Amino acid sequence: MSIVVSGKYIVTPYKIIKGGKVVIDDNRIVEVGKRVSEPQGAERLEGDVVIPGLINAHTHLAMTLFRGFADDVPLEVRLKDHIRPVEAMLKPEHVYAGALVGALESLYAGVTTVASMYFYMDQEAQAIVDVGIRGELSQGMIGITEESRKEAKRKTEEFVRLRGNKDPRIRVAVGPHAPYTVNKDMLLEAKEMAEEYSERLGYPVMIHIHVAESPREPEEIKKARNVDVYKYGGVASYLYDIGFLHERVLAAHVVRPTRRDLSVLKRSNAKVAHNPQSNLKLASGIAPIKEMLNYGITVALGTDGAGSNNNLDVLLEARFAALLAKGRDLDPEAVPAKEALKMATVYGAKALGREGLGEIKPGNLADLVVLDFSSPHVRPLEEDRIISHIIYAAKSSDVKHVIVNGEIVLEDRKPTKVNVEKVKEKFEKAIRDLF
Ligand SMILES: [Zn+2]
7 MSIVVSGKYI VTPYKIIKGG KVVIDDNRIV EVGKRVSEPQ GAERLEGDVV
57 IPGLINAHTH LAMTLFRGFA DDVPLEVRLK DHIRPVEAML KPEHVYAGAL
107 VGALESLYAG VTTVASMYFY MDQEAQAIVD VGIRGELSQG MIGITEESRK
157 EAKRKTEEFV RLRGNKDPRI RVAVGPHAPY TVNKDMLLEA KEMAEEYSER
207 LGYPVMIHIH VAESPREPEE IKKARNVDVY KYGGVASYLY DIGFLHERVL
257 AAHVVRPTRR DLSVLKRSNA KVAHNPQSNL KLASGIAPIK EMLNYGITVA
307 LGTDGAGSNN NLDVLLEARF AALLAKGRDL DPEAVPAKEA LKMATVYGAK
357 ALGREGLGEI KPGNLADLVV LDFSSPHVRP LEEDRIISHI IYAAKSSDVK
407 HVIVNGEIVL EDRKPTKVNV EKVKEKFEKA IRDLF
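Per the numbering used here, residue 7 is the first one in the sequence shown, and the count goes up by one each step.
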């Protein structure tokens, strides 16, 4: 099927095309410009501003179940005393219901790809396919005892077998949870697994891991793994020196990197998912994004789970990234609006090893968001102000249409593939069950 999307402005985001059109054939963008050849019988969509689908490079999709639960307590206490006891009761249907709401919330916010790590990932994959967005999904692996290591590996194997190549919307990743919950041997095993899967599946399988999520992490690693990361020069330095860090590692958070951490992240070409709101809410600090970008590190944006944010709104995350960097470094140019938009799109695609996403250009996959800029808060509609509006003024409720893989999945703010009332019912039932 063909679709022609017209926009007063097309933001690729490298350039802005005024009065432009995007032609989609099947699941790919075939033409972008002011004058295009429009296929006969093509479906038509139009709006004010067209941008690439936004990319959430770090979340735990089903954790919508924990939104507003045990807020405002220290991260370690929250996980140990509040979240983990409920997670121990989770059944596949709860994860499916939580992920459905997460995928739907993402869709409404113009987020077309999510990198999520959790449990029962086959259920998350199903929810994502049902709503019609994309997922890069990893089964969270925790390897403290020999038995838990084996079990974690078995579950990942099973998930990869089930979902590795089943649907074009889903890619798998390997998810060793964090350096304090996974020992050195298992980290290296995860690296081997990712290599083997990449070969088997024919696409780059990423390793998704939390790194330096809080300033307390070095102590956690010392306590749990008896490793003194300071001897290596920091958490990322430890991962580098044991031979784990490489270009397909997606490190979430990296809140307090040392100078050596930054240099090994750059040298290994590992990617960073910056989660500004979660880092603030969990009192973990403000990551040095200007410095990371200056080092040439790829920095994408993540929301983290809805339990620690409390939303999955990547546009808002981009605003936080831009504002926090300015405030942190007392530098208005630290992260300009244009850079923040790239973090939410092109850098996100790069961080996930997804060539073909993140930019509106011929040959790329057709993941597009059409924004409605008719409201007063995004006026005036001038070309040189559009990117500023997207980052500093727009709301996710300005998202009007969303196309993923050449399919219209949100039209005039109505999801086309799922019944919203039924999703809510399922979700409420899961909440009643669990809490
Ligand atoms: Zn996380």
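Just so you know, even glycine gets a beta-carbon here, dropped at the ideal spot from N, CA and C.
Quantities reported herein were computed from a predicted structural model and do not represent experimental measurements.
Exercise for review: For Pro181, write down the residues that DSSP places opposite it in a beta bridge.
Suggested key: The residue labelled residue 181 in the question sits at position 175 within the sequence shown. Reading the sequence as shown, one finds Gly at residue 181 and not Pro. DSSP, once it has assigned bridges, lists Gly146 as partnering Gly181.
Check your understanding: Would you say Ala63 touches ligand 1, meaning its beta carbon is less than 8 Å from a heavy atom?
Key -> Within the sequence shown, the letter at position 57 stands for residue 63. At a threshold of 8 Å, Ala63 does not count as near ligand 1, since its beta carbon sits no closer than that to any of the ligand's heavy atoms.
Review point. How would you call Thr151, buried or exposed, if buried means at least 16 neighbouring beta carbons within 10 angstroms?
Key: The sequence position of residue 151 within the sequence shown is 145, counting from 1. Its Cβ having fewer than 16 others within 10 Å, Thr151 is exposed.
Review point. Quick one: what's got a C-beta closer than 8 Å to Asn316's C-beta in the same chain, skipping five residues either side?
Key: Numbered from its first residue, the sequence shown carries residue 316 at position 310. Counting only Cβ-Cβ distances below 8 Å, and skipping sequence neighbours, we find Arg73, Gly74, Asp77, Lys287.
Exercise for review: Indicate the three-state DSSP secondary structure (helix, strand or coil) for Lys24 in the structure shown.
Suggested key: What you label residue 24 is simply residue 18 of the sequence shown in a count that begins at 1. In the structure shown, Lys24 adopts extended strand secondary structure according to DSSP, grouped into three states.
Check your understanding: How many Å lie between His64 and Pro382 at the Cα?
Key -> For this step, residue 64 is matched to residue 58 along the sequence shown. For this step, residue 382 is matched to residue 376 along the sequence shown. Rounded to the nearest whole angstrom, the CA to CA distance from His64 to Pro382 is 32 Å.
Review point. CA-CA distance, Glu345 and Leu299?
Key: Position 339 of the sequence shown, counted from the start, is the residue given in the question as residue 345. Position 293 of the sequence shown, counted from the start, is the residue given in the question as residue 299. In this structure, the alpha-carbon of Glu345 lies about 9 Å from that of Leu299.
Exercise for review: Quick one: give me the first and last residue of the beta strand (DSSP E) that Tyr244 is part of.
Suggested key: As a working note, residue 244 is residue 238 in the sequence shown. Premise fails: Tyr244 lies in the alpha helix (DSSP H), 241-247, not in any beta strand (DSSP E).
Check your understanding: Exposed or buried, what is Met7 when buried is set at 16 or more other beta-carbons lying within 10 Å of its beta-carbon?
Key -> Counting from one through the sequence shown, the residue named residue 7 turns up at place 1. Under this definition Met7 is an exposed residue.
Point to revise | Cβ-heavy atom distance, Asn285 to ligand 1, below 8 Å | key: What you label residue 285 is simply residue 279 of the sequence shown in a count that begins at 1. No, ligand 1 has no heavy atom inside 8 Å of this Cβ.
**Study point:** Ile9 and Val38 closer than 9 Å at C-beta
**Key:** In the sequence shown, counting from the first residue as 1, residue 9 sits at position 3. In the sequence shown, counting from the first residue as 1, residue 38 sits at position 32. Against a cut-off of 9 Å, the Cβ pair of Val38 and Ile9 comes out as no contact.
Review point. Which residues mark the beginning and the end of the alpha helix (DSSP H) in which Ser112 is found?
Key: Within the sequence shown, residue 112 is the residue found at index 106, counting from 1. Run containing Ser112: 98-114, per the alpha helix (DSSP H) assignment.
Check your understanding: Where in the region 173-238 do unbroken runs of the alpha helix (DSSP H), each at least 4 residues long, occur, reported from the N-terminal end onward?
Key -> 190-207, 223-231
**Study point:** Opening and closing residue of the alpha helix (DSSP H) in which Tyr301 lies
**Key:** In the sequence shown, residue 301 corresponds to position 295, counting from 1. Where Tyr301 is concerned, the enclosing alpha helix (DSSP H) stretches over 295-301.
Check your understanding: Would you say Gly354 touches ligand 1, meaning its beta carbon is less than 8 Å from a heavy atom?
Key -> Here the question's residue 354 lines up with position 348 in the sequence shown. Because no heavy atom of ligand 1 lies under 8 Å away, the Cβ of Gly354 does not count as near it: no.
Practice item. Would you kindly work out how many angstroms separate the C-alpha atoms of Met147 and Val233, rounded to a whole number? Key: Taking the first residue of the sequence shown as 1, we reach residue 147 at position 141. Taking the first residue of the sequence shown as 1, we reach residue 233 at position 227. Those two C-alpha atoms are separated by around 19 Å.
**Study point:** beta strand (DSSP E) segments (min. 3 residues) lying fully within the region 11-76
**Key:** 22-31, 34-39, 49-58, 60-65
**Study point:** beta strand (DSSP E) runs wholly inside the region 296-366, at least 3 long, in chain order
**Key:** 305-307
Point to revise | beta-carbon Asp310 near ligand 1 non-hydrogen atom, thresh 8 Å | key: Taking the sequence shown and counting its residues from 1, the one referred to as residue 310 is at position 304. Because some heavy atom of ligand 1 lies under 8 Å away, the Cβ of Asp310 counts as near it: yes.
Practice item. Pull up the distance between the alpha-carbon of Ile227 and that of Val235, whole angstroms please. Key: Residue 227 sits at position 221 when you count from the first residue of the sequence shown. Residue 235 sits at position 229 when you count from the first residue of the sequence shown. In a straight line, the C-alpha of Ile227 is about 8 Å away from that of Val235.
**Study point:** Assumed close pair Ala279, Glu253 - CB separation to whole angstroms, cut-off 8 Å
**Key:** As a first step, residue 279 must be located in the sequence shown, where it is residue number 273. As a first step, residue 253 must be located in the sequence shown, where it is residue number 247. About 15 Å; that fails the 8 Å criterion.
Review point. From Glu201 to Val211, what distance separates their C-alpha atoms?
Key: Here residue 201 refers to the residue found at position 195 when the sequence shown is read from its first residue. Here residue 211 refers to the residue found at position 205 when the sequence shown is read from its first residue. Looking at the two C-alpha atoms, the distance is approximately 7 Å.
**Study point:** Euclidean distance between Cα positions of Leu143 and Ala121
**Key:** On the sequence shown, residue 143 is found 137 positions in, with the first residue counted as 1. On the sequence shown, residue 121 is found 115 positions in, with the first residue counted as 1. Each residue's alpha carbon lies about 6 Å from the other.
Point to revise | Other residues of its chain near Val429: CB distance less than 7 Å, five sequence neighbours each side excluded | key: For the purposes of this step, residue 429 is taken as the residue at position 423 of the sequence shown. These residues qualify, in order along the chain: Leu106, Val107, Leu110.
Check your understanding: Can you name the start and end residues of the beta strand (DSSP E) that Met483 belongs to?
Key -> Residue numbering for the chain in the displayed model covers 7 to 441; residue 483 lies beyond these limits and cannot be assessed.
Check your understanding: What first and last residue would you give for the alpha helix (DSSP H) that runs through Lys161?
Key -> To locate residue 161, count along the sequence shown from 1; it is residue 155. Its alpha helix (DSSP H) spans residues 152-169.
Point to revise | Those residues which DSSP pairs with Ile414 across a bridge | key: On the sequence shown, residue 414 is found 408 positions in, with the first residue counted as 1. Ile414 pairs with Ile409.
Check your understanding: What is the DSSP secondary structure of Lys401, reduced to helix, strand or coil?
Key -> Translated into positions along the sequence shown, residue 401 becomes position 395. Three-state DSSP puts Lys401 in coil, outside helix and strand.
Practice item. Along the beta strand (DSSP E) that carries Leu4, what are the first and last residues, could you check? Key: In the structure as shown, the chain begins at 7 and stops at 441. Residue 4 is therefore absent and cannot be evaluated.
**Study point:** First through last residue of the beta strand (DSSP E) which encompasses Leu377
**Key:** Counting from 1 along the sequence shown, the entry for residue 377 is found at position 371. That run of the beta strand (DSSP E) goes 374-377.
Point to revise | Of the residues Thr118, Ala289, Lys356, the one placed nearest Leu81, counting alpha carbons only | key: Indexing the sequence shown from 1 puts residue 81 at position 75. Of the candidates Thr118, Ala289, Lys356, the one whose C-alpha sits nearest the C-alpha of Leu81 is Ala289.
**Study point:** Buried versus exposed, by CB contacts within 10 Å (16 or more), Pro19
**Key:** Taking the first residue of the sequence shown as position 1, residue 19 is located at position 13. Classification for Pro19: buried.
Review point. Beta-carbon separation of Leu358 and Leu371 under 9 Å?
Key: Translated into the one-based positions of the sequence shown, residue 358 becomes position 352. Translated into the one-based positions of the sequence shown, residue 371 becomes position 365. Result no, Cβ atoms of Leu358 and Leu371 do not sit closer than 9 Å.
Check your understanding: Using the C-alpha atoms, what's the distance from Ser12 back to Thr56?
Key -> On the sequence shown, position 50 is the one that residue 56 refers to. On the sequence shown, position 6 is the one that residue 12 refers to. The sequence as given places Val at residue 56; Thr does not occur at that position. Taking the straight line joining both Cα atoms gives about 8 Å.
Practice item. Name the two residues that bound the continuous alpha helix (DSSP H) containing Val79. Key: Mapped onto the sequence shown, residue 79 falls at position 73. For Val79, there is no enclosing alpha helix (DSSP H), since its DSSP letter is neither H nor E.
Review point. Under a three-way DSSP split, which group does Ile9 fall into?
Key: Here residue 9 refers to the residue found at position 3 when the sequence shown is read from its first residue. Ile9: strand per DSSP, three-state reduction.
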